[in-house]
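So the structure is just underneath, and the comments pick up after that.
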Ligand SMILES: NC(=O)c1ccc[n+]([C@@H]2O[C@H](COP(=O)([O-])OP(=O)(O)OC[C@H]3O[C@@H](n4cnc5c(N)ncnc54)[C@H](OP(=O)(O)O)[C@@H]3O)[C@@H](O)[C@H]2O)c1
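Numbering (this note's numbering), first residue to last: 1221 to 1535.
Printed below as a string of structure tokens:
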């Protein structure tokens, strides 16, 4: 199987943008369907990347997108459910349609983004939908479709919505009431996640496999928030909330029109997002340390690795 043309669903997002840049850098021809050009236009600087307006939930539109493509990467995912049923639509129904469209158009390679904690019996709707989607994609693996699934912990990097969100909140709040302070994460660098995808595309050893992706260190949420405050030079008091208060805080924040945290997120945080094994050797990566990468962009300077992609793309 020789892969040249790749269609990336969710290519306009945080992980997608880094991955599309890396695929471009490696000489792949990449198509990225989008639903809102304002969220995808930063990719127009990459000359061999084609942006296609499409409703990816329409099976015919998917088939049209996949015709002539060698591999599909599905990164579509949401953290908050605006409307009830949105998790199911994005994490279960879409992957099912993606598998069907791959089969109908003869696409033989599918890389799927799940998440640590994804589990059909998980505590939160997010976890259950991610787990269901992952299970159906894995069940589709066979001779006609080689599937690889990735389960990262929280992903950090320029434009992430995790450490950057805390940086913004901490700026305004001298006393920071933190829900779920003991939730554990093993943050993985977005460049390493993108590299794992690229290394997996053409590697038969990864076909039919599922990989957990984590960085080198486990942190509690409180340690991460205090790290961000230190990097930003902010003297802040982080006030850890009890479990009852964390639940209440998430319930109240979940009622706000702009969603930062919901009760479903609170339930997700009850499962530690940590790996039971080192970064998969097959990808040949030593995962970057949070302390080495995060200060570069939290302080307002882009990571040199990301800057390289962009500078090269502009040339
Ligand atoms: N970031 C993390 O820490 C993390 C950790 C574990 C797993 N993941 C998984 O990694 C994937 C990418 O995450 P990310 O951080 O890059 O998220 P992101 O920045 O929000 O990007 C999500 C992408 O999916 C698209 N999308 C979302 N809902 C859609 C829908 N209903 N229909 C069509 N397109 C839709 C978005 O399109 P628009 O640009 O139009 O919104 C965007 O391109 C997700 O599956 C996520 O669950 C992320």
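Glycine residues also receive a C-beta, built at the ideal position from the N, C-alpha and C atoms.
- With fewer than 16 other beta carbons inside 10 angstroms of its own, residue 1222 counts as exposed.
- Nearest Cα to residue 1333 within the set 1456, 1494 and 1430: 1430.
- Three or more beta-carbon pairs separated by less than 8 Å are not found between the region 1420-1429 and the region 1481-1495, which leaves the two stretches without contact.
- Taking a contact to require three or more Cβ pairs closer than 8 Å, the region 1353-1367 and the region 1377-1384 do not qualify as touching.
- Annotation for residue 1260: 1232, 1254 and 1271 place their beta carbon closer than 6 Å to its own, counting only its chain and skipping 5 residues before and after.
- Close CB contacts of residue 1316 within its chain, under the 7 Å cut and outside five residues either way in sequence, are with 1356 (chain order).
- Judged by beta-carbon spacing, residue 1440 lies within the 8 Å limit of residue 1403, meaning their Cβ atoms are closer than that value.
- DSSP, reduced to helix, strand and coil, places residue 1377 outside both helices and strands of the structure shown, so it counts as coil.
- Judged by beta-carbon spacing, residue 1236 lies within the 8 Å limit of residue 1295, meaning their Cβ atoms are closer than that value.
- When C-alpha distances from residue 1292 are compared across 1353, 1282, 1478 and 1486, the shortest belongs to 1282.
- Shortest gap from the CB of residue 1374 to any heavy atom of ligand 1: under 7 Å.
- The region 1407-1419 makes no contact with the region 1478-1486; the number of CB pairs closer than 8 Å stays below 3.
- The beta carbon of residue 1295 sits closer than 7 Å to at least one heavy atom of ligand 1.
- By the beta-carbon neighbour count (other beta carbons within 10 angstroms, threshold 16), residue 1462 is exposed.
- DSSP places residue 1315 in the uninterrupted alpha helix (DSSP H) bounded by 1314-1325.
- DSSP, reduced to helix, strand and coil, places residue 1333 within a strand of the structure shown.
- Under the three-state reduction of DSSP, residue 1465 is assigned to helix.
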